[in-house]
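Single-structure report; data block below.
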Amino acid sequence: MRFLAIGEAMLELSEQAPPLWAMNVAGDTFNTAWHVRQLAGAQTEVAYLTCLGQDPFSDRIAGFIAAAGVETRFIRRDPARGPGLYAISLSEGERSFTYWRDQSAARRLAEDPAALSAALSWAGMAYLSGITLAILSPAARDRLLAALARARQNGVQVAFDPNIRPRLWEDAAVMRAVIGQAAALSDIILPSFEDEATHFGDASLADCARRYGAAEGRTVIVKNGGQDVLIAIGGQQIHVPLTPVTPVDTTGAGDAFNAGWLVSHSAGLSPEACLAAAHGLATQVIGRKGALG
Ligand code: ADP
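Quick note: the sequence shown, position 220, residue 220 per UniProt numbering, numbers continuous.
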């Protein structure tokens, strides 16, 4: 398998003993690529497509990605831009995030159509999220979606997590329309029910799966925190109850779940076995601090 994740990896600052801060690298699609690399065997290649600057901090992100065993050959460099950054604040055990990503180089990840098609002709599976699309200009979104549609015609599987973040989008109507377009050209869709219910008004997990085209042959896996997961495949629906656990930190649970699902799916495992792997990994991640590990 050749797994290509597309999106933004950012610098992450987390406070240690004041005044010291630790620096790491994370970002939804990158977290999934990182877990896929950890889970999959040596015959699987994993690459990350993004855009970074040419500054020392961009070099650190590229170094981190490479050290994780993830291919960096599809990472463009834009000398006019720098990396995105976020910081985690802890207040009475609650984490909150502050972002500096408005001008990040990753917003230019889909500027070069030839680079997109080179990466997609390498890939067997392409993975992106609603965040990947939210950070792009309207023209770049169209370019990326068109490249994905062509790749799919050539046999590339497309996997998509809507990962709804209204603050990253210019308005809610555009957000819903573009997420719908991306889902329409995806084979596997991995939404989280709470976000979908809030922003699309789905009344149930089955509603969400239906809206994302489960009846038209797409595989839709609707996550719902510690509650039931709905797996909709080829018109068939499987509800799997989970046993909720008390999380230490839920950051990156969905990203890890997606990695577990996609690696198991690519290995040809049954839906139940894919879910066990996905949920098992997500449970490990919520039992520890940080999105990775
Ligand atoms: P996201 O990070 O996208 O918001 P969810 O909160 O829907 O993702 O959770 C993703 C997956 O993580 C769930 O499907 C489940 O497997 C696992 N998970 C999340 N929260 C819990 C919990 N409290 N107990 C058990 N599993 C959980």
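For glycine and all other residues, C-beta sits at the position ideal for the given N, C-alpha and C. Remember, it's a predicted structure, so these values are computed and weren't measured experimentally.
With a threshold of 7 angstroms, the Cβ atom of Gly225 counts as near ligand 1, since some heavy atom of the ligand is closer than that. Between Leu242 and Leu120, the C-beta spacing is not below 8 angstroms. Excluding residues up to 5 positions away in sequence, Arg143, Ala147 lie with their Cβ nearer than 7 angstroms to the Cβ of Pro113 in the same chain. If you check the C-beta of Val229 against ligand 1, you find a heavy atom less than 7 angstroms away. Close CB contacts of Gln237 within its chain, under the 8 angstroms cut and outside five residues either way in sequence, are with Ala206, Ala209, Ala214, Leu230, Ile231 (chain order). With a cut-off of 7 angstroms, the C-beta of Val245 is classified as near ligand 1, since at least one heavy atom of the ligand falls inside that distance. Between Asn31 and Asp255, the gap from beta carbon to beta carbon is short of 8 angstroms. Sequence-distant Cβ neighbours of Thr251 in its own chain, meaning closer than 6 angstroms and more than five residues away, are Ala291. Ser270 has its alpha-carbon roughly 29 angstroms from the corresponding atom of Leu49. A contact between stretches requires three or more CB pairs, one per stretch, nearer than 8 angstroms, and the segment 53 to 61 meets this requirement with the segment 81 to 89. Sequence-distant partners of Leu145 (beyond 5 residues in either direction) whose C-beta falls short of 7 angstroms from its own C-beta, in its chain, are Gln181, Ala182, Leu185. Within the same chain, Cβ atoms closer than 8 angstroms to the Cβ of Ala172 are found at Pro166, His199, the five residues on either side in sequence being excluded. Pro18 and Ser89 have their C-alpha atoms spaced approximately 12 angstroms apart. DSSP, reduced to helix, strand and coil, places Thr98 within a strand of the structure shown. Nearest to Asp187 by alpha-carbon distance, out of Ser266, Ala47, Ile286, Ala197, is Ser266. Assignment of beta strand (DSSP E) within the segment 115 to 202, counting only whole runs of 3 or more residues, yields 125 to 129, 157 to 161 in chain order.
Spatial neighbours of Arg288 in its own chain (CB-CB distance under 8 angstroms, excluding positions within 5 residues in sequence) are listed in chain order as Val248, Asp249. In the structure shown, the three-state DSSP call for Val263 is helix. For Gly290, the three-state secondary structure derived from DSSP is coil.
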